[in-house]
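Numbering (UniProt numbering), first residue to last: 1 to 391.
Just so you know, even glycine gets a beta-carbon here, dropped at the ideal spot from N, CA and C.
Just so it is clear, the structure is predicted and the values come from calculations on it, not from any experiment.
Written as structure tokens, this is what we have:
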């Protein structure tokens, strides 16, 4: 989905145009969630509403109204019944919805609501100061003071025992949600998290963590070895905001960027060999390890509000190192990109990092045609959206 409110459906095994597209909202769509096991999805947008869609017909099946500000996220609980999901908005509320309930005038009513989820009073006497600082950051998202670090994304592993938190101090913190400890059990660094749009994803086998980055790359870490330099996927020309691991094919990763493209990356498998039908001209990027660097020093005063001092990276303790899975990227088997649909946008590869693509040419997401407004700069588009939605 895009900032114009348009939803497009693609088939990653075809080079065809979008299978279907429609105007879902009259404002920017901030999040989408597939209904588990159904050809349906829920969109959350800046018009303060969520909507349920039939993907095959493109028809709206119902609306969800209750928030008084833009909706920022929508999610179904893994393994739960497909009828129940949650939404979160800028009004600070979390709402639970049940599709099985009856509609009134085409809209559902929330079955449960958590008001002011992050505005609860704390025992810390300095809580009021922290609230004021948070409000200042929300009013001017492009200006983040050196003593403020916020979270841009959260993702649980499949066991629901560990949560990964993207932080604007250029770290991803891993917390255990099963115990009473509040300190992170691991810290992943090497990327840049300069905006509140950077998200991450965990591989279905819980072995690897992938995250977008403000330096136009995608980064992959082995969860059991957080101190090892990450692998970089290079090919985008703007900030990589969203990354997702395919739930049915562990060897495929999709990355979305502000350069208006979605790229499909595949992990090389031993059976691919040298008989790949895809030539170098069809590559849209390449992978290489990130050079080890010294741990970045944190500004004075930041340690008081940052989750952890990055100079003291905790070990994983009893977390056992998992065995390499089919999709495990090692030094000799790097994540590889899919073929491109636009020869003009091919990316020149460095001589020493050039690799042979293993992805058949039909396994690709065709980049969306740019809308008339896409020529505007990212800053202008986001500024326009803030004026329209109060972002």
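Residue(s) in a DSSP beta bridge with residue i
i: residue 289; result: 231
i: residue 169; result: Paired residues: none, contrary to the question.
i: residue 162; result: 176
i: residue 240; result: 213, 257
i: residue 200; result: 211
i: residue 85; result: 97
i: residue 107; result: 63, 104
i: residue 28; result: None; residue 28 has no bridge partner.
Simplified DSSP assignment, three categories, for residue i
i: residue 192; result: coil
i: residue 138; result: Model confidence at residue 138 stands at a pLDDT of 39, short of 50, so the residue's coordinates are unreliable; what they give is reported in the following sentence. Here residue 138 sits in helix by DSSP.
i: residue 113; result: strand
i: residue 65; result: strand
i: residue 308; result: Confidence at residue 308 is low in this model, with a pLDDT of 42, below 50, so the placement of that residue should be treated as unreliable; the coordinate-derived value is given next. If DSSP states are grouped into helix, strand and coil, residue 308 belongs with coil.
i: residue 219; result: strand
i: residue 55; result: coil
i: residue 394; result: Outside the displayed range of the chain (1 to 391) lies residue 394, so it cannot be described from this structure.
i: residue 72; result: strand
i: residue 77; result: coil
i: residue 152; result: strand
i: residue 335; result: Residue placement at residue 335 is flagged as unreliable, the pLDDT there being 49, under the threshold of 50; a coordinate-derived value is accordingly withheld.
i: residue 250; result: coil
i: residue 40; result: strand
i: residue 19; result: coil
i: residue 406; result: What is shown of the chain runs 1 to 391, which leaves residue 406 out entirely.
i: residue 206; result: coil
i: residue 13; result: strand
i: residue 360; result: With a pLDDT of only 34 at residue 360, under the threshold of 50, the placement of this residue in the model should not be trusted, and no figure is reported.
i: residue 1; result: coil
i: residue 7; result: strand
i: residue 185; result: coil
i: residue 330; result: Legend: pLDDT at residue 330 = 42, less than 50; position of this residue unreliable, value from coordinates given subsequently. Here residue 330 sits in coil by DSSP.
i: residue 279; result: Only weak support exists for where residue 279 lies, its pLDDT of 42 falling under 50; the coordinates are left without a value.
Beta-carbon proximity of residue i to residue j, cut-off 9 Å
i: residue 71; j: residue 105; result: no
i: residue 188; j: residue 226; result: yes
i: residue 82; j: residue 35; result: yes
i: residue 116; j: residue 150; result: no
i: residue 198; j: residue 240; result: yes
i: residue 44; j: residue 73; result: yes
i: residue 166; j: residue 193; result: yes
i: residue 168; j: residue 196; result: yes
i: residue 211; j: residue 177; result: no
i: residue 46; j: residue 107; result: no
i: residue 237; j: residue 257; result: yes
i: residue 287; j: residue 232; result: yes
i: residue 29; j: residue 1; result: yes
i: residue 159; j: residue 205; result: no
Among the options, nearest to residue i - alpha-carbon criterion
i: residue 33; options: 208, 261, 53, 27; result: 53
i: residue 95; options: 102, 109, 101; result: 109
i: residue 87; options: 102, 190, 103, 66; result: 66
i: residue 17; options: 8, 24, 23, 25; result: 8
i: residue 24; options: 10, 11, 3; result: 3
i: residue 69; options: 50, 171, 21, 221; result: 50
i: residue 37; options: 77, 113, 285, 153; result: 77
i: residue 285; options: 22, 264, 291; result: 264
i: residue 222; options: 5, 100, 289, 113; result: 289
i: residue 39; options: 90, 61, 26; result: 61
i: residue 249; options: 5, 12, 6; result: 12
i: residue 245; options: 220, 10, 228; result: 220
i: residue 27; options: 75, 5, 164, 171; result: 5
Any non-hydrogen atom of the ligand FAD closer than 8 Å to residue i Cβ
i: residue 234; result: This structure lacks the ligand FAD; in fact it carries no ligand of any kind.
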